[in-house]
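Colleague:
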Amino acid sequence: MGVGAGIFRMKNIAAHDQENIRIFFSQVQPHLLALREKWAFSYVATKEDDKFILVQARLFLSPGNRDVPSSSVNLENIRAEYFLLSTIGTDPEALLSKLIESGKLATPIGEVFFPPELEGNYLTYHLPFHTESAQEGRRLMTLMLSGRKKQGLVRFPHVDWELKAALKPFDSFAELMQEFQLGGVSGDSSTVEVLAHNLAEVDFSSPISGLEARPSVFLTQGLSTNLVTLGYRAFVQGKVVARDAIPGVAMKWITKGSMQYGSASVAIPAGAVLHCVVSYANIAQHQGYLADPSTFQNPQRCVFEAFDPGLAVLKDFIDKSGNRGTNARQVESSIAWLFSMLGFRVSHLGNIEQTHDAVDLILATPLNKFALVECTTGLIKADKVDLLVSRTEVVRSRLRASGTAIPKVIAVMATTRPREEVKVGAELAEKLGVLILSREDLNAAVDRTIVLPDPEAIYFEGEQKIRRNENQNNVFDGGTF
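Residues 104 to 584 in our numbering are what the sequence shown lists, from first letter to last.
#1: At what residue ranges does the stretch 475-561 contain a whole run of the beta strand (DSSP E), taking only runs of 3 or more?
#2: Look up H233 in the DSSP assignment and say whether it is helix, strand or coil.
#3: Taking the CB atoms as reference points, tell me whether L138 and S165 lie closer together than 8 Å.
#4: Would you kindly report the start and end of the unbroken alpha helix (DSSP H) that includes I126?
#5: For the stretch 239-322, list the alpha helix (DSSP H) runs that are entirely contained and at least 4 residues long, ordered along the chain.
#6: Cutting at 7 Å between CB atoms, please list the residues of its own chain near S361, excluding the five before and the five after it.
#7: Taking just the CA atoms, how far does Q400 sit from L555?
#8: Taking C-alpha atoms, which residue in A148, Y392 and T480 lies nearest to V339?
#9: Out of T193, D194, S175 and I191, state which residue places its alpha-carbon closest to the alpha-carbon of Y49.
#10: Going straight from the alpha carbon of Y335 to that of A345, what length do you get?
#11: From the DSSP output, in three-state form, read off L450 for me.
#12: Ignore the nearest five residues each way along the sequence and tell me which others in K201's own chain have a CB closer than 7 Å to its CB.
#13: Check for me: the alpha helix (DSSP H) holding K95 runs from which residue to which?
#14: Touching or not, the stretch 383-397 and the stretch 509-519, by the rule of three or more beta carbon pairs under 8 Å?
#15: Of the residues P195, P272, F447 and P558, which one's Cα is nearest the Cα of T245?
#16: Would R570 be called buried (16 or more neighbouring beta carbons within 10 Å of its own) or exposed?
#17: Among all the DSSP beta bridges, which residues are the ones paired with A160?
#18: Quick check on T479: buried or exposed, where buried means 16 or more other Cβ atoms within 10 Å of its Cβ?
#19: I'd like the list of long-range same chain contacts for N301, defined as Cβ closer than 6 Å, with 5 residues on each side in sequence excluded.
#20: Determine the direct distance from the alpha carbon of L298 to that of N471, and round the result to whole angstroms.
#21: Given D223, which residues of its chain have a CB within under 7 Å of its CB, disregarding the five upstream and five downstream residues?
#22: If distances are taken between C-alpha atoms only, which option among I561, A148 and R258 comes closest to F217?
#23: What number of angstroms, rounded off, separates the C-alpha of A118 from the C-alpha of I124?
#24: Check whether the stretch 308-321 and the stretch 250-261 are in contact - that is, three or more C-beta pairs closer than 8 Å.
#25: Could you tell me which residues DSSP puts in a beta bridge with M362?
#26: Can you have a look at G446 and say buried or exposed, based on whether 16 or more other CB atoms are within 10 angstroms of its CB?
#27: Could you work out which residue in Q130, L502, L314 and L198 is closest to L230 when comparing CA atoms only?
#28: For the pair the stretch 480-489 and the stretch 499-508, tell me if three or more CB-CB distances fall below 8 Å.
#29: Is D422 near the ligand NAP, going by C-beta to nearest heavy atom under 7 Å?
#30: When DSSP labels each residue in this structure, what does D460 get in the three-state scheme?
#31: Taking the alpha-carbon positions, what's the M444 to S189 distance?
#32: Looking at the secondary structure, which residues open and close the beta strand (DSSP E) in which E222 lies?
#33: Per DSSP, D347 is paired with what?
#34: Looking only at C-alpha atoms, which of L226, V262, V331 and A353 sits nearest to D291?
#35: Counting Cβ pairs, one atom from each stretch, are 3 or more of them under 8 Å apart for the stretch 150-166 and the stretch 271-290?
#36: Whole angstroms is fine: what's the gap from Q403's alpha carbon to N180's?
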């Protein structure tokens, strides 16, 4: 099908929702032209009145960084399936058309239903930058189609116990969702997300040595190397000293595994850090920093790495905390280390017995802007959020009483869980003006310690993000702090 063919004069969907579909498919043309063999559909459905109703589904236009999940789970009341679109002889736009016009889809193991909302229409939401990948520097374009309310579709703990009894058991419905790459159970409505992962990626192992850098990129097979652009900025002591772009035609290309691999040589000042952005067809796909491991621009990180080479311990605390045996105080310490390397003054109250009931961390910028931080290895709980908000207001009041006309104090909840696992709690906290830092955000902040930090700029980004969350229906979109 061509872009929008068969979609834009359909019943069951309003004109502005049809326009969202048209815009999305016009933006993902490279995925449609080159990745036919990668198109895949994954879903979880539950039984209602002898029909399996979609709870959540994803249509993948590219493989992204996914491991292929188990092909199917088919129980009495629960069904989950992953299959390539080629197995049912369709394409992404035709599949959406089928779902919208008929409210159902024939899959390899049976028929699943996707009813519209009570008013009889489907709703769409176009998100050019999905939160799952933004903090990793990857572009993930998304179209979301929502149908009926989920109420009554997933009965807990019934679904968990049915999955425990399966021949290939799952511990819970949440684990089933993760296995089939559907994220966490979230939102009020059943949804079908169409995901277009980044088509090109910066190779973080690209070497920098002395006065030469060799930035390299991966590109999906089948795409034109002539449409690639590798932009870069060179930093020395926190300042940009050079910026330029390398066209794909000027790069050397080879095949590396299942990808095309391009590289170039760039002259750089001694000790420079490169911030690289790879684009395809003038659309930015991925970004990241390259640095010579023998030199550091950030003196705080330089000193810290004398005792934690490569930040191995810090990264381990962030990525593995939440597992059994994790010490919560160690996680607080790791986040305190991280923000000290980002230039903040850090007071760690949570590791002292007499103050462990206070906030875990107090961050301060050189201009005395403050952040009160609660750290957790688990989910974001309402009672902790309420207490953090209350403490933040107490601190603001004390600053006003001390003569500070406009006190700068923000509330931060830092969790070492992935964003998708804490999505529901995060959205509720953001409505109260709390800044949420998930595992993805913390890892992005670690990358940021490579260059000389500017805590005032980082703090400003946090303030801006809080305002966006409050003013734009709590859409979480980018930044480090």
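Note that CB positions come from ideal geometry on N, CA and C, so glycine has one too.
Everything numeric in this text was worked out from a predicted model, so none of it was measured.
Modeller: Quick answer:
#1: Taking only runs of at least 3 residues, the beta strand (DSSP E) segments lying wholly in the stretch 475-561 are 512-518 and 537-540.
#2: coil
#3: Result yes, Cβ atoms of L138 and S165 sit closer than 8 Å.
#4: A118 to Q130
#5: 261-267 and 276-282
#6: Q324
#7: 6 Å
#8: Distances from the CA of V339 to each of A148, Y392 and T480 were compared; the closest alpha carbon is that of Y392.
#9: Because residue 49 is not part of the residues shown, which for the chain are 104 to 584, the question remains open.
#10: 8 Å
#11: Going by the sequence as given, residue 450 is Ser instead of Leu. Assignment of S450 by DSSP, reduced to helix, strand and coil, places it in the strand class.
#12: L208
#13: Within the shown structure, residues of the chain are numbered from 104 to 584, placing residue 95 beyond reach of any answer.
#14: Short answer: they don't touch.
#15: P195
#16: exposed
#17: Y146 and V295
#18: buried
#19: The beta carbon of N301 sits closer than 6 Å to those of R241, R242, Q388 and H389, all from its chain and outside the five residues before and after it, given in chain order.
#20: 42 Å
#21: One detail in the question is off: residue 223 reads as Gly in this sequence, not Asp. Correct list, in chain order: N115.
#22: A148
#23: Approximately 10 Å, taken between the alpha carbons.
#24: Because the criterion of three Cβ pairs below 8 Å is not met, the stretch 308-321 and the stretch 250-261 do not touch.
#25: T323 and K359
#26: buried
#27: Q130
#28: In short, these stretches do not touch, since the Cβ pair count stays below three.
#29: Among the components modelled here there is no ligand, and therefore nothing to report on the ligand NAP.
#30: Correct three-state label for D460: coil.
#31: 49 Å
#32: Taken as a continuous stretch (DSSP letters only), E222 belongs to no beta strand (DSSP E), as it is neither H nor E.
#33: Y335
#34: L226
#35: yes
#36: 55 Å
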